[in-house]
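For reference, the structure discussed in these notes is given below.
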Amino acid sequence: MSVRLYYDSAYMREFDAKVVKCTKTDKGAEIILDKTAFYPEGGGQPCDCGTINGIEVYDVQEKGEDVIHYTKAELPEGTEVHGIIDWERRFDLMVQHSGEHIVSGFINARFGYNNVGFHMGADFITVDLDGDITKEELKEIEIAVNDYIWQNHHVEVLLPTPEELKELKYRSKKELEGEVRIIRFPGGDTCACCGTHVDTTAEIGLVKLISVQKFHEGVRIEMICGKRAYEYCAKAVEENSKISNQLSAKVFETSAAVDRLLNENQQLKIKLSETENNMLGIISENYRGISDKIIINQPNLTPDNVRKLAAALIEQNSGLVAVFSGDDENGYKYAVAQKDGDLKQLVKDMNTALNGRGGGKPFFAQGSVNASAEDIKNFFK
Ligand SMILES: [Zn+2]
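Our numbering puts the first residue of the sequence shown at 341, with every later residue one more than the last.
Printed below as a string of structure tokens:
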């Protein structure tokens, strides 16, 4: 059985121990020590990383009474070793985990909802609840939780007797057997947990609840704490500051400025559409009363306007109408039409001759060609 030093102190960054068992694997070895400060993955908390005698520990798992260290190389049984925990990683996990306790505790106290799923991802921590919370309520929880952590409460680890446990009100995801470890954030949360936590709540620094969305019967909350929360906020401030500069708006008025911009954009689209319709009207007027075929190459038309122009032209002309728009480099969009006509063969021939694709109804076809203006002209000669 491996002695778990992280239960003596979650702040133990280095330790001395002895190799009890070493099994060779494809990637290196599985090593069991007589005692360890490496936290194995469990209770929603990812495992520690670090080194043992300078050899990388890339995974740590619990197997019954033992803690298995997955290392990149072997260490003979009986070797005296020195373990070093990747402290930046561990402290971050302790901070995220502790913050999650308090958020879940506050939500449980206020709404009675349970944390039914918990995942500590590389970017965000997700908490799944069995009830619904609005964005507004989430904001209130965030304010209350931050107020609480700044009061710098001392975090307690309790190992109650079965009798004491019966009297204790605490959160737990499953029915527990044997010795139960209770983590108490006084006035914030009491929960059965085997993970590692900070000693004082101010170490959590900052709790940011990022989002809430429907998930199964309840909601999923994304959250971050500590340095992750600071870095997230710093990035968001930087991004907002860029928008503020781009739009010459005060930093707390950027969304109003974006609203104005979107509104202007909408008005411009309406105006553009009107102008385009006028232009199409003028062009089609110019071709009124022509009985012969009409071949038009008009620059800068959208595919929709190519279609509209062809449709307008066949309303007032009985001959073949072909509208093209584009350039020699990127090819041309087309609409080919004739009132009551059957253009199937023509369109087929055109697509072959001009390296094109497209089709439609017998009297109206649309598509694109990969050819030059000269090629198009020659085809319709
Ligand atoms: Zn915990």
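The beta-carbon is built from N, C-alpha and C at its ideal position, and this holds for glycine as well.
Note on Q606: under 16 other CB atoms within 10 angstroms of its CB, so exposed under the neighbour-count rule. For M563, the enclosing beta strand (DSSP E) covers residues 558 to 565.
Annotated three-state conformation of M341 is coil, per DSSP.
With a cut-off of 8 Å on Cβ pairs, the region 576 to 593 is not in contact with the region 616 to 633, counting fewer than three such pairs. Look at G445: its beta carbon is at least 8 Å from all of the heavy atoms in ligand 1. Residue pairing from DSSP places S665 in a beta bridge opposite K673. Of the candidates G452, E614, D374, Q491, the residue whose Cα lies closest to the Cα of D472 is G452. The shortest CA-to-CA distance from R568 to any of V547, I561, S551, N585 is the one to V547. The Cβ atoms of G518 and G383 do not sit closer than 9 Å to each other.
Contact between K375 and E417 is ruled out by a C-beta separation of about 15 Å, above the 8 Å threshold. Less than 9 Å divides the Cβ of I561 from the Cβ of D468. Where R697 is concerned, the enclosing beta strand (DSSP E) starts and stops at 696 to 701. Close CB contacts of D399 within its chain, under the 7 Å cut and outside five residues either way in sequence, are with C387, Y410 (chain order). Around the beta carbon of T530, 16 or more other beta carbons sit within 10 angstroms, so the residue counts as buried. Proximity to S712 across N637, D356, I395 peaks at N637, based on C-alpha coordinates.
Taking a C-beta distance under 9 Å as the contact criterion, S624 and L660 do not qualify as a contact pair.
Along the length of the region 580 to 641, whole alpha helix (DSSP H) runs at least 4 residues long occupy 594 to 626, reported in chain order. Bounds of the beta strand (DSSP E) holding R524 are 522 to 525. Comparing alpha carbon positions, the residue from E480, Q401, D539 closest to Y351 is D539. Closest option to K358, judged by alpha-carbon separation, among A677, S349, V343, Y347: V343. Distances from the CB of S438 to the heavy atoms of ligand 1 include at least one below 8 Å. DSSP, reduced to helix, strand and coil, places R353 outside both helices and strands of the structure shown, so it counts as coil. Put simply, the region 637 to 650 touches the region 658 to 678. At least three CB pairs are less than 8 Å apart.
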